[in-house]
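Asks:
Protein chains: 2
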Amino acid sequence: MASSTVENYLKHLLLLAEGGDGLVPMGALAGALAVVPGTVTTMVKALAAGGLVEHRPRQGVRLTDAGRGVALGVLRRHRLVETFLVQVLKMDWAAVHAEAERLEHAISDDVLDRLDALLGHPAVDPHGDPIPTRQGRLDPSVYATLATCVADRPLRVVRVTEQSPEFLHFAEHSGLRPGTRVRVAGRNLAAGLVTVKRPAGRPLALSLAAAGKILVAPAR
Amino acid sequence: MASSTVENYLKHLLLLAEGGDGLVPMGALAGALAVVPGTVTTMVKALAAGGLVEHRPRQGVRLTDAGRGVALGVLRRHRLVETFLVQVLKMDWAAVHAEAERLEHAISDDVLDRLDALLGHPAVDPHGDPIPTRQGRLDPSVYATLATCVADRPLRVVRVTEQSPEFLHFAEHSGLRPGTRVRVAGRNLAAGLVTVKRPAGRPLALSLAAAGKILVAPAR
DNA sequence: TATTTAACTTTGACTATTCAAAATAGCCTG
DNA sequence: CAGGCTATTTTGAATAGTCAAAGTTAAATA
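Residue numbers (my numbering), protein chains in the order written: chain A, 24 to 243; chain B, 24 to 243.
1) Mind listing the chain B neighbours of A:L126? Cutoff is C-beta to C-beta under 7 angstroms, in chain order.
2) Taking the CB atoms as reference points, tell me whether A:L138 and A:F107 lie closer together than 8 angstroms.
3) Using a Cβ-Cβ distance cut-off of 8 angstroms, determine whether B:V134 contacts chain A.
4) Given that B:L141 touches chain A, what residues does it touch there, using C-beta distances under 8 angstroms?
5) Quick one, which residues of the region 80-112 of chain B are near chain A if we go by CB-CB under 8 angstroms, in chain order?
6) Inspect the beta-carbon positions of A:P201 and A:V173 and report whether they are closer than 8 angstroms.
7) My guess is that A:W116 and A:H150 are in contact by the Cβ rule of under 8 angstroms, so how many angstroms apart are they, rounded?
8) What three-state label does DSSP hand B:A233 in the structure shown?
9) Can the beta-carbon of B:E185 be found less than 8 angstroms from the beta-carbon of B:L191?
10) Mind checking the region 190-204 of chain B against chain A and listing, in chain order, the residues whose C-beta falls within less than 7 angstroms of any C-beta there?
11) Could you confirm whether any beta carbon from chain A is found closer than 8 angstroms to the beta carbon of B:R137?
12) Compare the beta carbon distance of B:L75 and B:T87 with 8 angstroms and say whether it is the shorter of the two.
13) Measuring CA to CA, which of A:V147, A:L95, A:L227, A:G45 is closest to A:H196?
14) Who are the neighbours of A:E122 on chain B, taking C-beta pairs under 8 angstroms?
15) With a 10 Å radius around its C-beta and 16 neighbouring C-beta atoms as the bar for buried, classify B:T203 as buried or exposed.
16) What separation, rounded to the nearest whole angstrom, lies between the Cα atoms of B:L238 and B:V165?
17) From which residue to which residue does the beta strand (DSSP E) around B:G215 run?
18) Does the Cβ-Cβ distance between A:R79 and A:V47 come in under 8 angstroms?
19) Tell me the rounded alpha-carbon separation between B:D133 and A:A118.
20) So who's on the other strand from A:P241, going by DSSP bridges?
21) Can you name, in chain order, every residue of its own chain whose Cβ lies under 7 angstroms from the Cβ of A:S27, other than the five neighbours on each side?
22) Helix, strand or coil for B:L227, going by three-state DSSP, please let me know.
23) Would you list the one or two residues that DSSP bridges to B:G96?
24) In whole angstroms, what separates the C-alpha of A:A194 from that of A:E41?
25) Got a sec, what are the start and stop residues for the alpha helix (DSSP H) B:V76 sits in?
26) Can you tell me which residues form a DSSP beta bridge with A:A117?
27) Measuring CA to CA, which of B:R160, B:I130, B:G54, B:V93 is closest to A:V104?
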């Protein structure tokens with residue numbers, strides 16, 4: 024059994040590898056885990072010895088298939104727990120991330136399957152993040168963001184890729200939860216601003232950095 | 024924050040102190056935690072330094088008020104989680120103990136309060152064990168057992184004080200879950216046997232040791 | 001190409017928790 | 001009261017995970 028620490032290393036490796044070629048710099052992992060770089064080097068060598076990662080010295084780390092399997096399991100637990108906390112216990116979607124960080128290491132497969140059934144086998148969590156299937160399949164869909172999408176088309180928020188309570192509260196109060204219909208009214212690249220229109224409320228201005236965290240798809 | 028290990032030491036100390044004067048022999052604690060006695064000595068000295076227990080060298084350990092408070096919190100989490108697993112996730116009552124052993128260290132007060140409300144503020148868990156209140160009050164009721172109660176009176180099973188899946192499965196199949204009406208038909212002390220009658224089914228024979236684990240109250 | 005710099009690795013040390021095995025303290029028996 | 005037994009404590013060592021700080025490397029800069 025992988026310890027909570029090992030599970031965290033693998034989970035963050037999976038998250039950091041999204042998009043790229045999978046080779047994660049040691050420093051990025053250290054930052055994500057809030058430990059000093061030397062600690063990561065030590066741990067990564069141990070994980071490599073266990074066949075969970077491949078270590079390219081001075082270049083980075085990559086999950087092996089075995090490591091990816093473990094990481095997907097952790098991510099599935101994390102996202103299903105978040106969904107449970109919001110849908111059944113009616114918790115604030117900004118608070119559930121921290122809770123799930125602890126619970127994801129303490130839930131058995133049996134409990135997880137029951138939770139999954141209770142929730143109706145959800146495909147995404149409250150933030151719109153896809154939930155890996157029991158077989159370890161993770162929806163690879165790539166979406167545009169409010170910073171990159173075509174302007175003046177009807178859109179639908181599908182995902183908010185940030186878990187800090189501050190940002191999530193802002194998104195909620197701005198009516199930018201997954202499912203909301205929006206439209207990009209304009210962009211001012213020089214000023215780094217995006218203006219979006221929502222069904223109700225006046226136009227909303229947000230920075231390109233913030234806009235880049237709101238993933239959208241064409242509203243059909 | 025107390026580590027899982029510390030929480031376990033305190034929880035078992037609370038459980039082992041039930042009834043007695045509170046002074047638990049080091050060996051008993053070692054047995055309950057499945058560690059060697061030397062480990063307990065080391066750990067208990069650390070807990071004593073932290074004000075959570077009082078250590079009487081060569082005699083035993085006792086919880087301080089602070090330690091008891093922590094232990095009651097752990098026990099509350101354990102028993103509420105068990106109740107949730109049985110009532111909401113429909114798990115086998117024999118399986119939930121092991122699950123709760125892990126979850127009890129990962130649940131926040133916020134989640135716990137919501138679970139408590141969802142379950143309707145239960146007073147006892149699926150085994151009939153009392154759930155400490157949020158204020159740390161634990162029902163001190165003492166019940167008779169099938170081994171000690173008066174014979175030939177209508178009774179009601181209130182609690183099964185064993186968590187091994189084997190015993191719980193036996194109890195379930197024998198119709199001895201909390202709530203069941205029973206009556207002691209007879210005892211043979213020499214043979215160490217108790218015969219009980221249940222509403223349905225033929226008389227059931229069980230050993231005094233087993234009968235001592237089934238707590239009962241007069242059926243009103 | 002020589003130098004600077006940022007990222008990464010190494011080294012030595014520390015905390016928490018555990019075990020095995022040797023030492024000791026109390027108590028019970030004769 | 002001497003032995004002996006049992007529970008407990010001590011001692012020495014191991015494992016997992018971590019940090020601080022010193023040492024390397026490789027790539028970017030001049």
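Glycine is no exception: its CB is placed at the ideal position from the N, C-alpha and C atoms.
Replies: A quick look at the data gives this:
1) Counting from one through the first sequence, the residue named residue 126 of chain A turns up at place 103. Within chain B, the residues near A:L126 are A129.
2) Numbered from 1 along the first sequence, position 115 holds the residue referred to as residue 138 of chain A. Numbered from 1 along the first sequence, position 84 holds the residue referred to as residue 107 of chain A. Yes.
3) Mapped onto the second sequence, residue 134 of chain B falls at position 111. It does: the Cβ of B:V134 has a partner Cβ on chain A nearer than 8 angstroms.
4) Taking the second sequence and counting its residues from 1, one reaches residue 141 of chain B at position 118. The contacting residues are V111, L112.
5) L108, V111, L112
6) Working through the first sequence from its first residue, we reach residue 201 of chain A at position 178. Working through the first sequence from its first residue, we reach residue 173 of chain A at position 150. No, Cβ-Cβ distance for A:P201 and A:V173 is not below 8 angstroms.
7) As a first step, residue 116 of chain A is located in the first sequence; it is residue number 93 there, counting from the start. As a first step, residue 150 of chain A is located in the first sequence; it is residue number 127 there, counting from the start. Sure, about 7 angstroms apart at Cβ, within 8 angstroms.
8) Reading the second sequence from its first residue, position 210 is the one you call residue 233 of chain B. Correct three-state label for B:A233: helix.
9) If you number the second sequence from 1, residue 185 of chain B lands on position 162. If you number the second sequence from 1, residue 191 of chain B lands on position 168. Taking 8 angstroms as the Cβ cut-off, B:E185 and B:L191 qualify as a contacting pair.
10) none
11) In the second sequence, residue 137 of chain B corresponds to position 114, counting from 1. Answer yes: the Cβ-Cβ gap between B:R137 and chain A drops below 8 angstroms somewhere.
12) As a first step, residue 75 of chain B must be located in the second sequence, where it is residue number 52. As a first step, residue 87 of chain B must be located in the second sequence, where it is residue number 64. Going by C-beta atoms, B:L75 is nearer than 8 angstroms to B:T87.
13) The residue labelled residue 196 of chain A in the question sits at position 173 within the first sequence. Cα-wise, what sits closest to A:H196 is A:L227.
14) The residue given as residue 122 of chain A occupies position 99 in the first sequence. Neighbours of A:E122 on chain B, chain order: S131, D133, V134.
15) The residue you call residue 203 of chain B lines up with position 180 of the second sequence. It is buried - the Cβ of B:T203 has at least 16 other Cβ atoms within 10 Å.
16) Stepping through the second sequence from its first residue, residue 238 of chain B is reached at position 215. Stepping through the second sequence from its first residue, residue 165 of chain B is reached at position 142. Each residue's alpha carbon lies about 9 angstroms from the other.
17) Within the second sequence, the letter at position 192 stands for residue 215 of chain B. No beta strand (DSSP E) contains B:G215, which DSSP labels as neither H nor E.
18) Along the first sequence, one-based indexing puts residue 79 of chain A at 56. Along the first sequence, one-based indexing puts residue 47 of chain A at 24. No, the pair does not count as a contact, with Cβ atoms beyond the cut-off.
19) Locating residue 133 of chain B in the second sequence gives position 110, counting from the first residue. Locating residue 118 of chain A in the first sequence gives position 95, counting from the first residue. Near 10 angstroms, if we compare the C-alpha coordinates of A:A118 and B:D133.
20) Against the first sequence, residue 241 of chain A aligns to sequence position 218. The partner list for A:P241 (beta bridge, DSSP) reads A:L178.
21) Here residue 27 of chain A is taken as the residue at index 4 of the first sequence, counted from 1. H128.
22) In the second sequence, residue 227 of chain B corresponds to position 204, counting from 1. Three-state DSSP puts B:L227 in a strand.
23) Counting from 1 along the second sequence, the entry for residue 96 of chain B is found at position 73. Paired residue(s): none; B:G96 is not in a bridge.
24) For the purposes of this step, residue 194 of chain A is taken as residue 171 along the first sequence, with counting starting at 1. For the purposes of this step, residue 41 of chain A is taken as residue 18 along the first sequence, with counting starting at 1. Distance between the alpha carbons of A:A194 and A:E41: 23 angstroms.
25) On the second sequence, position 53 is the one that residue 76 of chain B refers to. Where B:V76 is concerned, there is no enclosing alpha helix (DSSP H), although the beta strand (DSSP E) it sits in stretches over 76-79.
26) In the first sequence, counting from the first residue as 1, residue 117 of chain A sits at position 94. According to DSSP, A:A117 bridges with nothing at all.
27) On the first sequence, position 81 is the one that residue 104 of chain A refers to. When each option's Cα is compared against that of A:V104, the closest is B:I130.
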